[in-house]
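Contents: one structure, followed by commentary.
2 protein chains.
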Amino acid sequence: MEDVAAAAGVSRSSVSRVFLGQGKVSDATRERVFAVAEWLGYVPNVMASELASRGSSVVGLLLRDAANPAYGLLFTRLQEAAHDASITLISMTISGDPRGSRQIDSLRRLMGMRVAGLIVATGGVTSAQLEPFRERIPIVRAGRPEETGHIHAVSYDEHASARALAAHVADQGHRSVALIVTQEHASYPEYVRATNTAAELAARGVRIVPLPAVALTDGIADVIDLVRRREITAVMCPADLRALNVLRALDVAGLSAPGDVSVTGCDAVLPGIDLMGLTSYRIGVERLAERAVANIAALIGDHPPSGTIRELVPGRLVPGRTVAPPPTASVGIAPAATLEQEL
Amino acid sequence: MEDVAAAAGVSRSSVSRVFLGQGKVSDATRERVFAVAEWLGYVPNVMASELASRGSSVVGLLLRDAANPAYGLLFTRLQEAAHDASITLISMTISGDPRGSRQIDSLRRLMGMRVAGLIVATGGVTSAQLEPFRERIPIVRAGRPEETGHIHAVSYDEHASARALAAHVADQGHRSVALIVTQEHASYPEYVRATNTAAELAARGVRIVPLPAVALTDGIADVIDLVRRREITAVMCPADLRALNVLRALDVAGLSAPGDVSVTGCDAVLPGIDLMGLTSYRIGVERLAERAVANIAALIGDHPPSGTIRELVPGRLVPGRTVAPPPTASVGIAPAATLEQEL
DNA sequence: CTGAAAGCGCTTACAG
DNA sequence: CTGAAAGCGCTTACAG
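Sequence lines, in order, name chains A and B.
The first sequence begins at 1 in my numbering and counts up one residue at a time.
The second sequence begins at 1 in my numbering and counts up one residue at a time.
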């Protein structure tokens, strides 16, 4: 900066003003400074700038495993929205250790970088863990449904998705349904989805066989058993990746969807999911990203909104080819139209 | 920091030393400082620290659209490797505008943050564009095959993948193959893959029908035509997402793989790709991430290696159910075994 | 519109 | 082992 000032024949103050885009500079000065800076390849040091101005336009992002397509897409959209809002996002991904040390570790590093705000897009951190940081900087959760507490949150409308899928399945005439229930500690959003689905099914008089799950393959063997014993005619999963594993297992077992059993997933974010014809519910990733950024922008802005933000973003049912009326007794276990033949 | 020093009854210098883990402090002081810091919730300001020490342990990452599963996975693995190496990654994603302003824009912002090094995981930036930055900080490209120039690069072994897939197809007896050729400016890695595949096929005496493509659906209509006219018995795509679109189109057209035409993709990163049975080649994402981080760590370290780094990471063929010998004339266009029935 | 000076929160020789 | 002091690259009142 010193060099630029010297070469342009002005003071460092002026160079600073030029780069900050503050009005108080003559056009002549501005042009000269820009020209010289360009020539010298000068790029202002953001760190020093923020240190001096006690301001920061960078927002920290805590993300859950971007390898999961739903989070990968969310990440991309968040970046785009942030870019449009002139906010720089610094992100840290959590994988492996789903909770505990690494989450808090990352949180501390982000705090050390003196980010202006935080977007937390991982269910692994509880709101209680976030509390101590909330006093220092604004935090917006993205994707984890929060019903209570004071942490701002924008999340998918898990009630709507549960209702749509449950209604779809019930309307087809299913009366006994297996439900993969992801355990709360494994994935909170999935847990909420499953719970809501159970409630919606129950409200429609459908019998439920809950299958607790942590790993992606948990409960699958039970599904196969239940289908063979004709105890269920449908299985609902709180995530597409789980539904895919069900389809895989059915295939191996010589069974098919929806011939032998109807199958639903949730999120519909995976590219090619349509090829597989999985009946699912497309969550509103794009809108979630947009709202998360808009809210954090407002919170770190000059006139932060008061009160706790709590927004729900809608999605839409994606009817596929894996849900159909239950097989009739006369048709038996191997009906004419199977998923494979329809493909 | 001032507060911590006061509360601990020491100077700021000592507090600094404690947090830097420098040996020159008594155990008593160290413990006292840590205790007080914990109590006051003090987290050192990374910006100020780096400014004062003229050092930085943060590495910039330029990523291409994490919504693409291959990049999403790469991103996650890079973060993990960086975490293990005590390096903080600041990432910026490029999507939409594949080249030009936004890429350079992001590059400048990263430079403004005075990152110690750069990992560039997008093909949209040419090495020539990177040159001016190379003088200032170490840069490692990840995933874009570089044959010349002075930019460090670790990339997928596109020769190996092309050879494996081409050999697989040729060995099955195919003698006329359509090849989706992504244009250089749309995706350089795909372009290289396609080109290499063409060479490998040619070397095996296979006739090639090249189909230039930019958008994900380009060339697909031609494939359908060629299949109907019996001019090809296989189609090879430089990316799984393209192959999925081919499968989709075949389905719509009432054709099937490998009954009517064999299909191959490349990358095999998509979850559920096995369910679709797509024959592909799994690229070594994990290893690439590991090497990229290891190299940047070495380059920003005390004893940077000399010479231009150029590493290739291997992958492996993933045989699926979409490649089989060409349909025989006697069986005609609708042979007995179709993908769907095998599923 | 412009410059001199103090200060942002740290680190690091330099003396003890 | 410890502290006083200068300095990292900027910004920002405060005077002109």
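Don't be surprised by glycine CBs; every beta carbon is placed ideally from N, CA and C.
Proximity of B/Y281 to chain A, defined by a Cβ-Cβ separation below 9 Å, is not satisfied. Residues V177, L179, A198, L201, A202 of the same chain have their beta carbon placed closer than 7 Å to that of A/I208, with the five preceding and five following residues left out of the count. A/G60 has A/I90, A/L118 as its beta-bridge partners, per DSSP. A Cβ of chain A is located within less than 9 Å of the beta carbon of B/A48. Under the Cβ criterion (8 Å, minimum of three pairs), the region 112 to 130 of chain B counts as touching the region 46 to 66 of chain B. The alpha carbon of B/D251 has as its nearest neighbour, out of B/E135, B/S16, B/A221, B/I283, the alpha carbon of B/A221. DSSP links A/P210 through a beta bridge to A/L179. With the rule of 3 Cβ pairs closer than 8 Å, the region 282 to 290 of chain B does not count as touching the region 243 to 260 of chain B.
Cβ proximity to chain B below 7 Å picks out L270, P271, G272 from the region 254 to 274 of chain A. Annotation note: the region 208 to 242 of chain A contains the following uninterrupted beta strand (DSSP E) runs of length 3 or greater, listed N- to C-terminal: 234 to 236. The straight-line gap separating the alpha-carbon atoms of A/D65 and A/R30 is approximately 45 Å.
Setting aside the 5 residues that flank it on each side, B/Q103 is surrounded in the same chain by I94, G124, V125, each with a C-beta closer than 6 Å to its C-beta; the list follows chain order. Only those residues of the region 66 to 79 of chain B whose C-beta falls short of 7 Å from the nearest C-beta of chain A are listed: A66, A67, P69, G72, L73, F75, T76, Q79. A residue is called buried once 16 or more other Cβ atoms fall within 10 Å of its Cβ, and B/E131, having fewer, is exposed.
Taking 9 Å as the threshold, the shortest C-beta distance from A/R229 to chain B does not fall below it.
The C-beta of B/M236 comes no closer than 9 Å to any C-beta of chain A. Cβ contact annotation for B/T308 (same chain, cutoff 7 Å, sequence separation greater than five): H150, H152, in chain order.
Residue contact check for B/V43 against chain A: a CB pair falls below 9 Å.
Within its own chain, the residues whose Cβ lies closer than 8 Å to the Cβ of A/R109, once the five positions on either side in sequence are excluded, are M92, listed in chain order. Within the region 10 to 73 of chain B, the beta strand (DSSP E) runs of at least 3 residues that lie entirely inside it are, in chain order, 58 to 64. One thing to note: B/L89 has its Cβ within 9 Å of the Cβ of B/L78. By DSSP's assignment, A/L250 forms no beta bridge with any residue. In chain order, N45, V46, M47 make up the part of chain B whose C-beta sits under 8 Å from the C-beta of A/R114. Close to B/S91, with beta-carbon spacing below 7 Å, are these residues of chain A in chain order: S91.
Annotation: B/R17 has no Cβ neighbours in chain A at a cutoff of 8 Å; minimum Cβ distance is about 17 Å.
Using a CB distance cut-off of 9 Å, B/H83 counts as an interface residue toward chain A. Closer than 9 Å at the C-beta level to chain A, one finds no residue of the region 116 to 129 of chain B.
The region 286 to 305 of chain A and the region 1 to 11 of chain B do not touch, with fewer than three beta-carbon pairs separated by less than 8 Å. Listed along chain A, the residues sitting closer than 8 Å to B/M111 by beta-carbon distance are V43. Annotated three-state conformation of A/A142 is strand, per DSSP. Around the Cβ of B/D240, a 10 Å sphere holds 16 or more other Cβ atoms; the residue is buried. DSSP places A/R321 outside any beta strand (DSSP E), giving it a letter other than H or E.
Here A/G9 has R32 as same chain residues with Cβ atoms under 8 Å from its own Cβ, once five neighbours each way along the sequence are excluded.
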